[in-house]
Amino acid sequence: MEQRAPSTGIKVIIVGAGFAGLTAAIECYRKGHDVVILESFPELKPLGDIISFGPNAGRIAARWGNGSVVEEIFPLVIRNKELRFYKYDGEFITAQQVPPQNPEAPFLNGHRGEIHEVFFNHAKKIGIDIRLGCRVLEYLEERGRAGVRVNGETIWGDVVVGADGVRSKARELVLGYYDKPKSSGYAIYRAWFDSAPLLKDPLTKHLVENGDTHTGWLGPDVHFLAASLKNGKDFSWVCTHRDEADIEESWSYPGKIEDALKVIEGWDPVVRRIVELTPECVDWKLVYRDPLPTWISKEARTCLVGDAAHPFLPTSIQGASQAMEDGCVLAACLQIGGKENVPMAVRAYEKIRYERVRRAQLLGEETRDMWHKADFDKVKQDPEKIKLKREDWLFAFDCEANTYEVYEDVVKELSGQPTTNIGESLPKQAAVAA
Ligand SMILES: Cc1cc2nc3c(=O)[nH]c(=O)nc-3n(C[C@H](O)[C@H](O)[C@H](O)COP(=O)(O)OP(=O)(O)OC[C@H]3O[C@@H](n4cnc5c(N)ncnc54)[C@H](O)[C@@H]3O)c2cc1C
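Residue 1 is where the sequence shown starts when you use full-length UniProt numbering, and the numbers rise one by one after that.
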């Protein structure tokens, strides 16, 4: 069912069963570590709407269950041939062709909850100990071990992985202070619904009647992306816009259709009709965070992965992918390092990941600005200016193979160095949002 390397005897405690936690767990299992996942939600619910995994992450999932995991996801994901771009008033700009799927490193864009369920079920099927209803209240660390307090019990392991999302509690132990989010100045209305009403309407029918489509409308400081999936049966849209509200961090709050319509006042009637026909939407405030100076604790036995370490702007289209890469690299580092060298393996994990993640984070701001500040006269002359970048350094990367390749050199570099904040040695970048 799943290939597994010989046992390393390393006990890994993972907090959080999102994409970061599940990937870390499956990869740790594959590398021969003993894993337990502690997750606060009491039962699995297919929450969320559209989420994207680049080929760099698809490559990780494609190795699971001899390819069976990705086979199960394929019917759930969008199968469009192109991404069509329009100016906000409805003028067609350009179509960006979608490269053919590579089964060894596929793009996976679909419903977050549905893909999450496939990951979760696979982890359960291979026998990973997933304990639901377990909210970790405290992270502990002593020389030689790390642990958590949960449901009145203390559980110790060789390493604790904080995969606990944007509101990470593990982050407090790692940083030594509470990292307060700020308003980013942007929010997103988002929706997912059955496309039947769109099929009946002459203005929107073309988006769903002939299989899957993906369309973007760009305006000053606003963009609107719409996708039809499952042969046009499901429909999803997201609209990123200015919003100064500073509310408590969450992935979603109920939104109002009339508010979303105000944001696209005067836009292409097709966009307006999509929103008018939407039964409900969520209002996702993008809070702002400075990049963390480090993702690992002083003793290097507690580390952060995924959103806990590095929240992403959705326009990077890499948040979930980088969360998966984290888990894959960490598991490989622990395997190469072995039980006697857990802290060095954890430091190597951070060193291998940090700069790559920062580079991917920056794409979020680049893409947002490219769309929100588009000069349409220039774009008409050169439509390449608004196409999504699909660069090899990001997509063609095999994070697992790279870890085996660079681990020894990284350890040599780290040996003798104190565990300082890695972020201090790198150039500053603008903050990111979640
Ligand atoms: C319910 C939900 C819906 C989302 N919907 C979308 C979406 O539609 N589109 C999109 O692009 N992104 C969505 N996201 C965000 C997206 O999943 C992440 O940005 C990305 O996948 C990185 O995942 P992660 O595992 O690092 O974090 P998350 O997916 O946030 O997972 C963190 C997990 O940790 C658990 N947790 C937190 N604190 C504790 C604790 N103290 N003890 C135990 N468990 C804890 C949480 O319950 C959660 O399951 C959603 C996230 C969530 C939680």
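All residues carry an ideal CB built from backbone N, CA and C; glycine is no exception.
Any idea what DSSP makes of ASP234, helix, strand or coil?
ASP234: strand per DSSP, three-state reduction.
Count the other CB atoms within 10 Å of the CB of LYS200; is the residue buried (16 or more) or exposed (fewer)?
Counting Cβ neighbours within 10 Å, LYS200 comes out exposed, since fewer than 16 surround it.
Of the residues ARG347, ALA123, PRO314, the one placed nearest ALA300, counting alpha carbons only
Selected option, being the one with the closest Cα: ARG347.
Could you check which residue in GLY32, LEU286, ASP290 has the C-alpha nearest to that of TYR178?
The option with the nearest alpha carbon to TYR178 is ASP290.
Which class does SER252 belong to by DSSP, given the choice of helix, strand or coil?
Correct three-state label for SER252: coil.
Near VAL329, which residues of its chain fall below 6 Å by C-beta distance, leaving aside the five closest residues on each side in sequence?
Once the five neighbours on either side are set aside, the close Cβ partners of VAL329 are TYR349, ILE352, ARG353, CYS399, THR403.
Note down the Cα distance separating ALA308 from TYR189, rounded to an integer number of angstroms.
Rounded to the nearest angstrom, the two C-alpha atoms are 23 Å apart.
Report yes if the C-beta of ARG135 is less than 8 Å from at least one heavy atom of ligand 2; otherwise report no.
Questions concerning ligand 2 fall outside what the structure shown contains, since the ligands it does hold are ligand 1.
Bridge partners - LYS285, DSSP secondary structure assignment:
For LYS285, which the question treats as bridged, DSSP gives the partners ALA187.
Could you check which residue in GLY90, ASN56, VAL36, ILE10 has the C-alpha nearest to that of PRO270?
With the sequence shown as reference, residue 270 is identified as Val, and Pro is not the correct amino acid for it. The shortest C-alpha separation from VAL270 is found at GLY90.
From the DSSP secondary-structure annotation, give me the bridge partner or partners of GLN97.
Per DSSP, the beta bridge partners of GLN97 are GLU82.
Does DSSP classify TRP64 as helix, strand or coil?
DSSP places TRP64 in helix when its eight states are reduced to three.
Less than 8 Å between C-beta atoms, sequence neighbours within five positions excluded: which residues of the same chain meet that for LEU414?
Excluding five sequence positions before and after LEU414, the CB atoms of its chain that fall closer than 8 Å to its own CB belong to MET344, ARG347, ALA348, LYS351, given in chain order.
Taking residue 438 as the reference, give the member of VAL77, ILE93, ILE78, LEU76 with the closest Cα.
In this structure the chain extends from 1 to 434, so residue 438 is not present and cannot be described.
From TYR186 to TRP284, what does the alpha carbon distance come to, in whole angstroms?
Cα-Cα distance, rounded: 9 Å.
Roughly how many angstroms separate the alpha carbons of CYS333 and PHE312, rounded to a whole number?
Each residue's CA atom was taken as its position, placing CYS333 and PHE312 some 24 Å apart.
My output table needs one value for GLU138: the three-state DSSP class, helix, strand or coil.
Under the three-state reduction of DSSP, GLU138 is assigned to strand.
Considering only their Cβ atoms, is the gap separating THR215 from LEU225 smaller than 9 Å?
In this structure, THR215 lies closer than 9 Å to LEU225 by Cβ.
Tell me, please, whether the stretch 160-178 touches the stretch 260-279 by the rule of three or more beta-carbon pairs shorter than 8 Å.
They do not touch, by the three-pair rule.
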